[in-house]
Every structure is written in structure tokens, then in C-alpha cells.
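Student: Numbering-wise, the sequence shown is residues 1050 to 1308 according to my numbering. Heads up, the beta-carbon is just placed ideally off N, CA and C, and yes, glycines get one too. One structure follows; several queries about it will come next.
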Amino acid sequence: MLLNGKLITHKNIAGDYYLMEFKSHELAEAAGPGQFVHVKCGSTNDPLLRRPISIHKADKDKGIIALLYRVAGKGTRLLSLMEPGDLLDVMGPLGNGFQLPKPSEKVAVVAGGIGVAPLFFLVQLLVNAGNDVQMYIGARTSQDLLAVKDIKKLGVDVKLATDDGSAGYHGLVTDLLPEKLQKVDRIYTCGPFPMMKSVAYLANKYNVPAQVSLEEKMGCGVGACLACSCKIKINGESVYKRVCTEGPVFNAGEVDWEC
Ligand SMILES: Cc1cc2nc3c(=O)[nH]c(=O)nc-3n(C[C@H](O)[C@H](O)[C@H](O)COP(=O)(O)OP(=O)(O)OC[C@H]3O[C@@H](n4cnc5c(N)ncnc54)[C@H](O)[C@@H]3O)c2cc1C
Ligand code: FES
């Protein structure tokens, strides 16, 4: 659906990171974890294309959607200038979203940097469903560790890692995983491609099903332009799939990590 949601709050939470909330009962009702919205950035035709941003939170009771984003270029910079009261032009919810596990399953959720954006919504649903969740969040510095307090508030044990050692383990978040993955039934991950590739490798090694949320540059967002195609292996053969409609979530074992 295409809609205008009134911005309720919009703040710079650290460095280039922003958190916005807007009102839309329809979107909050329809949204699932791992889905995204295609957002019009700015009031002119430049940039022409919408920008994909994951649904960070969806409060069905209050009809509020939250987006957590990093200013990466022109579109997101224009987005960051919007103020409470402005109308946000969004299309969504788009994409397939994560497949939820059985409530009895133990789950590891691995986030890298802004990759935590779609994972909060997922973790919230997993906790509500009664899943045992272990969360791992890695980032370049402590300033890039996002949503940690919110996730801890859900009662989830969160392990942190930073590249510079300014918080948590000094090193890659994937270093924390090997022994833990042997004790979980399922893994979900979103973050930089090399991190997800490592998670996929470990998931395969320990024979744990994993789902990854891929990022590709997008055009239309609805399956028409093929700008977002990525290589997926089906029965050993590589085929192109559209991240906007057939993703962004894929089984880790099906992604062609060498592409
Ligand atoms: C399904 C999906 C969900 C996303 N969710 C979020 C989110 O919740 N929060 C968030 O901050 N970002 C998210 N992104 C990334 C976000 O869409 C891009 O950062 C944004 O489109 C950049 O637009 P821009 O005009 O600001 O920058 P541009 O000027 O278009 O690009 C700036 C830089 O970012 C790179 N870039 C642009 N788009 C992408 C992309 N899709 N993937 C990887 N690199 C890109 C460009 O190559 C360039 O180097 C998501 C992307 C996808 C595909
Ligand atoms: S963005 Fe156009 S097909 Fe995916």
C-alpha cells in the first residue's frame, strides 16, 4: 500500500543514526519482521527513486511504525531533515520477511551495525512467542552499537563486539559464535555482507538453519525493474532472484556468497 504517515518523533540518536516514528494503523497491522518500506526522500524528484528502510518496530495497538536508519547519501540525508508533523510518503510493507520458528526453538540472532534495524522487530516477536533468544551485536565502535538498551529491555541476553574494543569483545562478532551455535536450533542475521557470509559458513558447519536479510540497491521495490537481482542457488543451480519481492530474507544456504 501507498500511504502518508504523520511523523510523530524524529531524532538523531548517535553519529549518523536516526530513529523516526510515524503513524499508520494499516501498516502497523500488516507489517511482519524483516519487511521494509520504500520511502520517498525529500519533496522534489531528486532523488527520483525511493529508498528501502526496514521496519524496526510496529506497534499494532498504537498504529506506530519506527524506522532506524543511517545517513548514507543524498536520500537518507534529506530524510533526516524531516520534522515531527511532516507527512512521510511510504510504500509497504514490502518483501517476504523472516519465517518464524516454533516457540520451543532456541534462536541466535546476529546483527552487524545498522543490520540491527529489522532484527529488533523479529526479536520482540520471538520473545513474545516464548523462544529462548541469544542476541549478538557487532559494530565498528560503541557509538555504532544500536538498539542495545531496547533489546535488553525485552529480557534478552545481548553479547556485544566492536572492531576497536570500545565496548564488549574486541574483534568480530562472529568470533563469539562457534561454541554457541552448537546449542541453537535456528539463526537469523542481518548486517554487512562479509559478516553474513561468515554466519552462513558457521551455520552450515554446525548444521543449523539460518536466514539472512540481504541488502541490494533498489529501484522500483515491487519486482518490476530487476535492479535488485541477486544470485541464489536452487538445487545447485544459480538463478537470479529479486531482493525486493522474493527477499530480502533468504535461507543462508541458498545465497551465492561468491557473487
Ligand atoms: C531491504 C533493505 C532494507 C534496508 N533497511 C535499512 C535500514 O533499516 N536502515 C538503514 O539505514 N539502511 C537500510 N537499508 C540501506 C538503505 O536503503 C540505503 O542506505 C539507502 O538507500 C541509501 O540511500 P541514499 O540516497 O542515502 O544514499 P546513496 O547516495 O544512494 O548511496 C550512498 C552509499 O550507500 C550505498 N548504498 C545505497 N543503497 C544501498 C543498499 N541498498 N545496500 C547497500 N549499499 C547501498 C551506495 O552504493 C553508496 O555507496 C536497507 C536496504 C535494503 C535493500
Ligand atoms: S527493485 Fe525493482 S525489481 Fe527489485
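Specify the secondary structure class of A1196 as computed by DSSP and reduced to three states.
Tutor: To locate residue 1196, count along the sequence shown from 1; it is residue 147. The answer is coil: DSSP assigns A1196 none of H, G, I, E or B.
Student: Where does R1126 fall in DSSP's three states?
Tutor: Working through the sequence shown from its first residue, we reach residue 1126 at position 77. In this structure, R1126 counts as helix in the three-state DSSP scheme.
Student: Please report how far the alpha carbon of V1205 lies from the alpha carbon of L1051, in whole angstroms.
Tutor: Here residue 1205 corresponds to residue number 156 of the sequence shown, with the count starting at 1. Here residue 1051 corresponds to residue number 2 of the sequence shown, with the count starting at 1. C-alpha separation (whole angstroms): 34 angstroms.
Student: Please confirm whether V1233 and I1186 have their CB atoms less than 8 angstroms apart.
Tutor: The residue you call residue 1233 lines up with position 184 of the sequence shown. The residue you call residue 1186 lines up with position 137 of the sequence shown. No, the Cβ-Cβ distance between V1233 and I1186 is not below 8 angstroms.
Student: Which residues does DSSP pair with Q1260 in a beta bridge?
Tutor: The residue labelled residue 1260 in the question sits at position 211 within the sequence shown. In the DSSP output, where bridge partners are listed per residue, Q1260 has Y1237, N1300.
Student: I'd like to check one pair, I1236 with A1259: are the Cβ atoms closer than 8 angstroms?
Tutor: Here residue 1259 is taken as the residue at index 210 of the sequence shown, counted from 1. Here residue 1236 is taken as the residue at index 187 of the sequence shown, counted from 1. Yes; because the gap between Cβ atoms is below 8 angstroms, this pair is in contact.
Student: Per DSSP, which one or two residues make a beta bridge with K1208?
Tutor: Translated into positions along the sequence shown, residue 1208 becomes position 159. For K1208, which the question treats as bridged, DSSP gives the partners Y1185.
Student: Just to confirm, are I1062 and K1072 a CB contact at a threshold of 8 angstroms?
Tutor: Here residue 1062 refers to the residue found at position 13 of the sequence shown. Here residue 1072 refers to the residue found at position 23 of the sequence shown. No, they are not a contact pair.
Student: In the DSSP assignment, what residue or residues form a beta bridge with S1103?
Tutor: The residue given as residue 1103 occupies position 54 in the sequence shown. Its beta-bridge partners are F1085.
Student: Below 8 angstroms on the Cβ atoms is my contact criterion, and I expect A1160 with G1240 to pass it. Report the Cβ-Cβ distance as a whole number of Å.
Tutor: On the sequence shown, position 111 is the one that residue 1160 refers to. On the sequence shown, position 191 is the one that residue 1240 refers to. 6 angstroms between Cβ atoms; contact.
Student: Please find out if some non-hydrogen atom of ligand 2 comes closer than 7 angstroms to the beta-carbon of M1140.
Tutor: Counting from 1 along the sequence shown, the entry for residue 1140 is found at position 91. No.
Student: Which residue wins for smallest C-alpha separation from I1114, given the options S1103, G1217, I1163?
Tutor: The residue given as residue 1114 occupies position 65 in the sequence shown. Nearest C-alpha to I1114: S1103.
Student: Is there at least one non-hydrogen atom of ligand 2 closer than 7 angstroms to the beta-carbon of L1275?
Tutor: Mapped onto the sequence shown, residue 1275 falls at position 226. Under cutoff, so the answer is yes.
Student: List the DSSP bridge partners of H1219.
Tutor: Within the sequence shown, residue 1219 is the residue found at index 170, counting from 1. Note: H1219 sits in a beta bridge opposite T1211.
Student: Out of R1100, V1257, K1106, which has the shortest C-alpha to C-alpha gap to L1168?
Tutor: As a working note, residue 1168 is residue 119 in the sequence shown. The shortest Cα separation from L1168 among R1100, V1257, K1106 belongs to K1106.
Student: Should E1075 be counted as a contact of ligand 4 given a C-beta to heavy atom distance under 7 angstroms?
Tutor: No copy of ligand 4 occurs in the structure displayed; its ligands are ligand 1 and ligand 2 alone.
Student: From the DSSP output, in three-state form, read off Y1255 for me.
Tutor: One-based indexing of the sequence shown puts residue 1255 at position 206. Y1255: coil per DSSP, three-state reduction.
Student: H1074: which of T1093, P1142, H1087 sits nearest, CA to CA?
Tutor: For this step, residue 1074 is matched to residue 25 along the sequence shown. Selected option, being the one with the closest Cα: P1142.
Student: Verify the contact flag: A1178, CB atom, against every heavy atom of ligand 1, threshold strictly below 7 angstroms.
Tutor: Translated into positions along the sequence shown, residue 1178 becomes position 129. No; taking the cut-off as 7 angstroms, the Cβ of A1178 has no heavy atom of ligand 1 nearer than that.
Student: For G1091 and G1124, I'd like the C-alpha separation in whole angstroms.
Tutor: Taking the first residue of the sequence shown as 1, we reach residue 1091 at position 42. Taking the first residue of the sequence shown as 1, we reach residue 1124 at position 75. Taking the straight line joining both Cα atoms gives about 7 angstroms.
Student: Return the first residue and the last residue of the alpha helix (DSSP H) that L1275 is part of.
Tutor: Counted from its first residue, the sequence shown places residue 1275 at position 226. Careful: L1275 lies outside any alpha helix (DSSP H) and carries neither H nor E.
Student: Out of curiosity, what's the CA-to-CA distance linking C1279 and L1251?
Tutor: Translated into positions along the sequence shown, residue 1279 becomes position 230. Translated into positions along the sequence shown, residue 1251 becomes position 202. If I take the Cα positions, the gap works out to 22 angstroms.
Student: If contacts are defined as beta-carbon pairs under 8 angstroms, then L1137 and G1054 qualify, I think. What distance do you get, rounded to the angstrom?
Tutor: Within the sequence shown, the letter at position 88 stands for residue 1137. Within the sequence shown, the letter at position 5 stands for residue 1054. Indeed, because the Cβ distance is near 5 angstroms, the residues count as touching under 8 angstroms.
Student: Under the criterion of a Cβ to heavy atom distance below 7 angstroms, does C1293 qualify as lining ligand 2?
Tutor: Taking the sequence shown and counting its residues from 1, the one referred to as residue 1293 is at position 244. Result yes, Cβ under 7 angstroms from ligand 2.
Student: Going by DSSP, what residues sit across from A1115 in a beta bridge?
Tutor: Taking the first residue of the sequence shown as 1, we reach residue 1115 at position 66. For A1115, which the question treats as bridged, DSSP gives the partners E1070, K1106.
Student: Identify which residue in D1095, N1284, M1184, V1298 has its Cα closest to the Cα of V1277.
Tutor: Against the sequence shown, residue 1277 aligns to sequence position 228. The question names Val, yet the displayed sequence has Cys at residue 1277. The shortest CA-to-CA distance from C1277 to any of D1095, N1284, M1184, V1298 is the one to V1298.
Student: Got a sec? Which residues, its chain only, sit under 6 angstroms from Q1231 by beta carbon, not counting five neighbours each side?
Tutor: Within the sequence shown, the letter at position 182 stands for residue 1231. So the qualifying residues of the chain are Y1255.
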